[in-house]
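Peer 1: Numbering (this note's numbering), first residue to last: 10 to 312.
C-beta atoms are modelled at their ideal positions from N, C-alpha and C, and glycine is treated no differently.
Predicted model, so just to flag it, every value in this text is computed and none were measured.
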Amino acid sequence: MATKKSKASNKSKKTESTKSKTADKSVKKTEAVKTNTVEKAGAKKSCLSGFFAKKYDEKESILTIFKNHKFYGSLLGEVIGTMLLALLLFSLFLMGLPNLATYAFAVIAILIAIYAFSGACLNPLVVVGMMASRRMSVIRGIMYIIAEVVGAWLGWMIFNGFHLAGGETAYDVPAMSALAENGFWPIAMVELLGAAIIAFFFARALKYKRSVFTFGAVVAGGVILAIIIGYVVSAAFLGASNNFVMNPAVATMLQIFPSSGDNFGEIIGGICQALSLYAIIPMIGGVIGFYLSDFTSKLSAEE
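(1) Determine the burial state of Asp303: buried for a count of at least 16 other Cβ atoms within 10 Å of its Cβ, exposed for fewer.
(2) Taking all protein chains shown into account, decide if Ile277 is buried (16 or more other Cβ within 10 angstroms of its Cβ) or exposed.
(3) Closer than 7 Å by C-beta to Ala235: which residues in its own chain qualify, once you throw out the five before and the five after it? Chain order, please.
(4) With Met262 and Ala161 assumed to form a contact (beta carbons below 8 Å), what rounded beta-carbon distance in angstroms separates them?
(5) Going by CA-CA distance only, name the one from Asn252, Phe210, Arg144 that's closest to Phe61.
(6) Identify whether Glu87 lies in helix, strand or coil by the three-state DSSP scheme.
(7) Only counting the same chain, and skipping five residues up and downstream in sequence, which positions put a Cβ closer than 8 Å to that of Leu96?
(8) Below 8 Å, can you find three or more Cβ-Cβ pairs linking the region 152–159 to the region 83–91?
(9) Look up Glu275 in the DSSP assignment and say whether it is helix, strand or coil.
(10) If you run the structure through DSSP and keep just helix, strand and coil, what is Glu157?
(11) Helix or strand or just coil, what does DSSP make of Phe114?
(12) Count the other C-beta atoms from every protein chain shown that fall within 10 angstroms of the C-beta of Ser146, then say buried if there are 16 or more, exposed otherwise.
(13) For Lys16, name the three-state secondary structure that DSSP assigns.
(14) For Tyr65, which three-state DSSP category applies?
(15) Assign Val241 to one of two classes, buried (16 or more other C-beta atoms within 10 Å of its C-beta) or exposed (fewer than that).
(16) To the nearest angstrom, how far is the alpha carbon of Leu173 from that of Lys63?
(17) Go through its chain and collect everything with a Cβ distance to Leu131's Cβ below 6 Å, but skip five positions before and after it.
(18) Buried or exposed: Ala310, going by 16 or more other Cβ atoms within 10 Å of its Cβ?
(19) So Phe224 and Ala212 are supposed to be a Cβ contact under 8 Å. How far apart are they, rounded?
(20) Could you pull the start and end residues of the alpha helix (DSSP H) that Glu200 belongs to?
(21) Which first and last residues belong to the alpha helix (DSSP H) in which Tyr217 is found?
(22) How about Val232 and Tyr217: do their beta carbons lie closer than 9 Å?
(23) Taking the straight line between their C-alpha atoms, what separation do you get for Ile280 and Thr305?
(24) According to the Cβ coordinates, are Leu134 and Ile196 closer than 9 Å?
(25) Could you name the residues of the same chain whose beta carbon sits closer than 6 Å to that of Leu301, not counting the 5 residues immediately before and after it, in chain order?
(26) Out of Ile290, Ile151, Met139, which has the shortest C-alpha to C-alpha gap to Glu200?
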């Protein structure tokens, strides 16, 4: 009997050891599979993964956006903010570059006041950059641009109304006439560079959106930097002090479109040239600025 029990115990011990060895092998295999999976996932994931991922609410569409009352508040905020910014830019055209620090504080104040409503884009080139970098839906972006054009028009009406009340004729911005003297591409490069700077600073400011003052200060710094560079380049190399706008909404209110010409084709050509210079090229600069910010953030592994 004792011999049978010892044999049975030996068999059970062998069975247990076999089971433990099998379990150890299965655990090792599982760990190896997990390690390989993680390594493969890490190998496939590049520093630019998610670069073109949506950064806005995926549920937002043309069927849902107009049902949200907050959207209309955002549009009204863009109208008011762009109107105030247009008044500031028109006065900058009239007075020139002096007291630039005052303009910086004014831009900060406008951005802080409007930020809670719509994010204070206030510039179509910023909106296009946000759409291209998938921070904003297309329908919201289009409506924002329309609101900004309306705001710039209101600002122009107010500014020109005060000008006419003083017994003067309608205010003529002399800067835009510099296009014929300086040529298309020099001014286009000023617009492109300034737009890219503004968009880059705006994209960087979004990283500090929890602090509204920091957001306003960073964006205002980019706007003032773009104005200084544009002013210095224009005055030093192009012989004109006011031949850039860097805001397509405000530019459409200025006298950039020809009203006369030798023939119809010349008028249409002038209109297309003005739209390219003061609308399309700044929007391209806006896309470049946002992409440059995102690309730099991805390379530096910024959270």
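Peer 2: On the basis of the coordinates in this document:
(1) On the sequence shown, residue 303 is found 294 positions in, with the first residue counted as 1. When all chains shown are included, Asp303 counts as buried.
(2) Numbered from its first residue, the sequence shown carries residue 277 at position 268. Under this definition Ile277 is an exposed residue.
(3) In the sequence shown, the residue the question calls residue 235 occupies position 226. Only Gly203, Ile206, Ile207, Met255 meet the Cβ criterion.
(4) For the purposes of this step, residue 262 is taken as the residue at position 253 of the sequence shown. For the purposes of this step, residue 161 is taken as the residue at position 152 of the sequence shown. Contact flag correct, Cβ pair sits at about 5 Å.
(5) The sequence position of residue 61 within the sequence shown is 52, counting from 1. Comparing Cα positions, the closest option is Arg144.
(6) Within the sequence shown, the letter at position 78 stands for residue 87. In this structure, Glu87 counts as helix in the three-state DSSP scheme.
(7) To locate residue 96, count along the sequence shown from 1; it is residue 87. Around Leu96: Gly164, Ile167, Phe168.
(8) yes
(9) The residue you call residue 275 lines up with position 266 of the sequence shown. Residue state, collapsed to three classes: helix.
(10) Within the sequence shown, numbered from 1, the residue matching residue 157 stands at position 148. Here Glu157 sits in helix by DSSP.
(11) Walking along the sequence shown from the start, residue 114 turns up at place 105. Reduced to three states, the DSSP call for Phe114 is helix.
(12) In the sequence shown, residue 146 corresponds to position 137, counting from 1. Buried is the call here.
(13) For the purposes of this step, residue 16 is identified with residue 7 of the sequence shown, where counting begins at 1. Residue confidence for Lys16 is low, a pLDDT of 49 falling below 50, so the modelled location carries little weight and cannot support an answer.
(14) What you label residue 65 is simply residue 56 of the sequence shown in a count that begins at 1. Tyr65 falls in the coil class under three-state DSSP.
(15) Here residue 241 is taken as the residue at index 232 of the sequence shown, counted from 1. So Val241 ends up on the exposed side.
(16) To locate residue 173, count along the sequence shown from 1; it is residue 164. To locate residue 63, count along the sequence shown from 1; it is residue 54. The straight-line gap from Cα to Cα measures roughly 48 Å.
(17) Taking the sequence shown and counting its residues from 1, the one referred to as residue 131 is at position 122. Closer than 6 Å at the Cβ level, and outside the excluded window around Leu131, lie Gly90, Thr91, Leu94.
(18) Numbered from its first residue, the sequence shown carries residue 310 at position 301. Answer is exposed; the Cβ neighbour count stays below 16.
(19) Within the sequence shown, residue 224 is the residue found at index 215, counting from 1. Within the sequence shown, residue 212 is the residue found at index 203, counting from 1. Contact doesn't hold; Cβ gap of about 11 Å is too wide.
(20) Stepping through the sequence shown from its first residue, residue 200 is reached at position 191. First-last of the alpha helix (DSSP H) with Glu200: 193–214.
(21) Within the sequence shown, the letter at position 208 stands for residue 217. First-last for Tyr217: undefined, no H or E at that position.
(22) Taking the sequence shown and counting its residues from 1, the one referred to as residue 232 is at position 223. Taking the sequence shown and counting its residues from 1, the one referred to as residue 217 is at position 208. No, these two residues do not count as a Cβ contact at 9 Å.
(23) Taking the first residue of the sequence shown as position 1, residue 280 is located at position 271. Taking the first residue of the sequence shown as position 1, residue 305 is located at position 296. Answer to the nearest angstrom: the Cα atoms are 37 Å apart.
(24) Taking the sequence shown and counting its residues from 1, the one referred to as residue 134 is at position 125. Taking the sequence shown and counting its residues from 1, the one referred to as residue 196 is at position 187. Contact: no.
(25) Mapped onto the sequence shown, residue 301 falls at position 292. Excluding sequence neighbours, Leu301 sits near Phe209.
(26) Residue mapping note: residue 200 aligns to position 191 of the sequence shown, counting from 1. It is Ile290.
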